[in-house]
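These notes concern the structure reproduced below.
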Amino acid sequence: MRNHFIFKLLLSLTVLPPVEQPVTPVLAAPGSDVTLSCSFPQRETDSLDSVIVNWQRGDTEVVHSYYRRKDQLQRQSSAYRGRTQLFPEELSVGNASLRLRGVQGSDHGEYICAVANEMSKIQEKLLLLVAAPYDEPQLAVQTSCDIIIVTLTSSQGFPQPTVMWRDTTGSDISNESHTHIELDNRGRYTVHSELKLKLKDSQTLTVEMSLDVLKQSFSHSLTFQPLPDSF
Ligand SMILES: *[C@@H]1O[C@H](CO)[C@@H](O)[C@H](O)[C@H]1NC(C)=O
Ligand SMILES: *[C@@H]1O[C@H](CO)[C@@H](O)[C@H](O)[C@H]1NC(C)=O
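Taken in order, the sequence shown gives residues -21 to -1, 1 to 210; the numbers are from mature numbering (1 follows the signal peptide of the UniProt record, and there is no 0).
Take a look at the structure:
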């Protein structure tokens, strides 16, 4: 009689994530490359045959897809064509991270990484925050007769900043300014904002520029004194 059994109990417990996970933001500047992280339970001894990886935006836009041990890009959104890759050697250790090259402003938003294998199904959400800080703004002052033109210039940033001009009393006089914004070849903005001022009494001009998404803000004040009449 065999009274000696050896039970080899392999327990693969898959704990499903709670209904709503916090969305982790990942920051990338336009023109740069970024890796969106995603992990799933997979041991090196598990086969990759049944692994299905789907990176998507919303319910329908396919960013990258992999199954039957191959990238399957037939249904990939044209917006991502030629810009995505998984790390094939990492899949066997449960790493389904996605490399996205040449980040664009339109890549900003939520991404879903969904992975299924024999044992489990996971779904992770990530927020790709496309932003870049602005350079310290430069101010230039031109005068002609009693007109002063103050120009603020700043570049390398994304998305568009807010620029506000204030007079001596702190009132918003931005409606008197003219702002021109252009995109450079990497997809970042250069901002020129100009204010024309008639020089009367002594006055202080303040310009504030901010990029809320990166909590970046600059403030500069200039004080102008009219020259004495005898000059
Ligand atoms: C997944 O692989 C990529 C590329 O090798 C690496 O940068 C990343 O750190 C890996 N993630 C994890 C969780 O190991
Ligand atoms: C800007 O607004 C101020 C007060 O609201 C007004 O007096 C001024 O005429 C406006 N300037 C322009 C160029 O619209």
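Ideal Cβ positions, reconstructed from N, Cα and C, are used throughout, including at glycine.
CB contact flag (residue i, residue j, <8 Å)
i: Val129; j: Leu176; result: yes
i: Gly81; j: Arg62; result: yes
i: Leu118; j: Leu178; result: no
i: Gln51; j: Val42; result: no
i: Pro116; j: His199; result: yes
i: Leu105; j: Leu6; result: no
i: Glu161; j: Thr169; result: yes
i: Pro4; j: Leu108; result: yes
i: Ser189; j: Pro140; result: yes
Range of the contiguous alpha helix (DSSP H) that encloses residue i
i: Leu70; result: Pro67 to Leu70
Nearest-angstrom Cβ-Cβ length linking residue i and residue j, presumed shorter than 8 Å
i: Ser181; j: Phe197; result: Their Cβ separation, rounded to whole angstroms, is 24 Å, which puts Ser181 and Phe197 out of contact at 8 Å.
Residue range of the beta strand (DSSP E) that includes residue i
i: Cys92; result: Gly88 to Ala95
i: Met188; result: Gln182 to Leu190
i: Pro9; result: No beta strand (DSSP E) contains Pro9, which DSSP labels as neither H nor E.
i: Tyr46; result: Glu40 to Tyr46
i: residue 217; result: A query on residue 217 cannot be resolved here, the shown segment of the chain reaching from -21 to 210 and no further.
i: Ile101; result: Lys100 to Val109
i: Gln135; result: Ile126 to Gly136
i: Ala119; result: Gln117 to Ser123
i: Phe197; result: Gln195 to Phe203
Reference residue i, options the options, closest by Cα
i: Ser133; options: Lys100, Ala111 and Gln121; result: Ala111
i: Met143; options: His157, Gly136, Val2 and Pro67; result: His157
i: Glu163; options: Val120, Gln83, Ser16 and Glu23; result: Checking the displayed sequence, the identity of residue 163 turns out to be Asp instead of Glu. Closest by alpha carbon: Gln83.
i: Lys100; options: Gln21, Gly136 and Asp191; result: Gln21
i: Ser18; options: Ala8, Arg145, Thr183 and Gly73; result: Gly73
i: Ile127; options: Phe137, Leu174 and Asp25; result: Leu174
i: Leu131; options: Thr147, Phe137, Asp125 and Asp114; result: Asp114
i: Gly166; options: Arg145, Val192 and Gln135; result: Gln135
i: Val2; options: Met98, Ala95 and Ile91; result: Ile91
i: Val186; options: Gln53, Gln195, Asp151 and Lys194; result: Asp151
Cβ neighbour criterion (16 or more within 10 Å) applied to residue i
i: Val30; result: buried
i: Asn154; result: exposed
i: Phe66; result: exposed
i: Gln55; result: buried
i: Val120; result: exposed
i: Asp86; result: buried
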